[in-house]
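Peer 1:
Number of protein chains: 2
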Amino acid sequence: MTGPVDLAAVLSRIDRPWQPRTVAVLNDYDVRVVRTHGEFTRHSHPETDEVFLVLSGSLTIRMDDGDVALGPGQLYVVPRGTPHQPFSPDGAEVLLVEPSATVNTGDSPGELTAERRLA
Amino acid sequence: MTGPVDLAAVLSRIDRPWQPRTVAVLNDYDVRVVRTHGEFTRHSHPETDEVFLVLSGSLTIRMDDGDVALGPGQLYVVPRGTPHQPFSPDGAEVLLVEPSATVNTGDSPGELTAERRLA
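Quick note, the sequences are listed as chains A and B, same order. The numbering of the first sequence is the numbering used here, which starts it at 3 and goes up by one. The numbering of the second sequence is the numbering used here, which starts it at 3 and goes up by one.
If you want it as structure tokens, here you go:
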């Protein structure tokens, strides 16, 4: 991961939704890309904020005080400890920024829990 | 900065190149957008890596061991302490991820040094 990374090339190699790939490591943080489709696990990250940036498609982040609808080029920060449920009926490509230790399903592990995987 | 942020809307309000705007705060990190045009100050950040993601246009990062050429959707991490000079003769829109304390010109302050500014 020392050269430039083409996000579209990495995304094209991902065959399943909700399985992030780490495309950059910045100190102890990761930049990840993920393909979303359908409904993800409702969860929170007690120890960190989480950045979502939609690259293509559309993503809704369901939160207790309302839905956040994101399209291409739109970004949102889910505050630490805040329950959220990504929902993407039509699919999206999303960039995430979070500490490298962050697990995708946070405090609600299950079948969608993914191991950290470098692109 | 609690709602969704539209990167294009923020970028459209930036009237000068090399003046980043912080569009998201993630723990003690910033996500910033910047319009690049021309040649920036050669500098390094002794305390941190720095992520560059080109959103549109083209950006070259001149480094001692060669140039890194980035187009839309391409990302590069400049390692901490590594001299680099962004160069963008045709202009670009770029997303940066770095600690909130990071100053754009790093160890080489000058007329292009920008104060941290929230979008």
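Every residue, glycine too, gets a C-beta built ideally from N, C-alpha and C.
Which of helix, strand or coil does DSSP assign to MET3 (chain B)?
Peer 2: Position 1 of the second sequence, counted from the start, is the residue given in the question as residue 3 (chain B). With a pLDDT of 47 at MET3 (chain B), under the threshold of 50, the modelled position of that residue is not reliable, and the figure given next carries that caveat. Coil, per DSSP.
Peer 1: Got a sec, what are the start and stop residues for the beta strand (DSSP E) ALA94 (chain A) sits in?
Peer 2: Locating residue 94 (chain A) in the first sequence gives position 92, counting from the first residue. 86 to 101 is the span of the beta strand (DSSP E), which, as asked, contains ALA94 (chain A).
Peer 1: Tell me whether the segment 75 to 83 of chain B and the segment 34 to 53 of chain B touch, counting them as touching only if at least three CB pairs, one residue from each stretch, are closer than 8 Å.
Peer 2: yes
Peer 1: Using three-state DSSP, classify ALA11 (chain B) as helix, strand or coil.
Peer 2: Counted from its first residue, the second sequence places residue 11 (chain B) at position 9. Looking at ALA11 (chain B) - three-state DSSP - the assignment turns out to be helix.
Peer 1: I'd like the ranges of any beta strand (DSSP E) spanning at least 3 consecutive residues and lying wholly in the segment 49 to 88 of chain A.
Peer 2: Segments of the beta strand (DSSP E) lying fully in the segment 49 to 88 of chain A: 52 to 59, 61 to 65, 68 to 72 and 76 to 80.
Peer 1: Kindly indicate if chain B contains any beta-carbon less than 8 Å away from that of VAL25 (chain A).
Peer 2: Along the first sequence, read from residue 1 onward, the residue named residue 25 (chain A) stands at position 23. At least one chain B Cβ lies under 8 Å of VAL25 (chain A).
Peer 1: Quick check: is the beta carbon of PRO22 (chain A) nearer than 8 Å to any beta carbon in chain B?
Peer 2: Residue mapping note: residue 22 (chain A) aligns to position 20 of the first sequence, counting from 1. Judged by the 8 Å Cβ criterion, PRO22 (chain A) is not in contact with chain B.
Peer 1: Going by Cα to Cα distance, which pick from B:HIS39, B:LEU61 and B:GLY40 is closest to LEU72 (chain B)?
Peer 2: One-based indexing of the second sequence puts residue 72 (chain B) at position 70. Considering only alpha carbons, the answer is B:LEU61.
Peer 1: Provide the residue span of the beta strand (DSSP E) that contains ARG34 (chain A), from first to last.
Peer 2: Residue mapping note: residue 34 (chain A) aligns to position 32 of the first sequence, counting from 1. Annotation for ARG34 (chain A): the continuous beta strand (DSSP E) segment containing it runs 31 to 41.
Peer 1: For the segment 58 to 90 of chain B, which residues have a CB atom closer than 7 Å to at least one CB atom of chain A, in sequence order?
Peer 2: VAL70, LEU72, GLY75, GLN76, LEU77, TYR78 and VAL79
Peer 1: Which residues in chain A have a C-beta closer than 8 Å to the C-beta of PRO6 (chain B)? List them in chain order.
Peer 2: Taking the first residue of the second sequence as position 1, residue 6 (chain B) is located at position 4. Those within 8 Å of PRO6 (chain B) in chain A are VAL70, ALA71, LEU72, GLN76, LEU77 and TYR78.
Peer 1: Note down the Cα distance separating ILE16 (chain B) from ASN106 (chain A), rounded to an integer number of angstroms.
Peer 2: For this step, residue 16 (chain B) is matched to residue 14 along the second sequence. For this step, residue 106 (chain A) is matched to residue 104 along the first sequence. Cα-Cα distance, rounded: 34 Å.
Peer 1: Measuring only the C-alpha atoms, how far is GLY75 (chain B) from HIS45 (chain A)?
Peer 2: Counting from 1 along the second sequence, the entry for residue 75 (chain B) is found at position 73. Counting from 1 along the first sequence, the entry for residue 45 (chain A) is found at position 43. C-alpha separation (whole angstroms): 29 Å.
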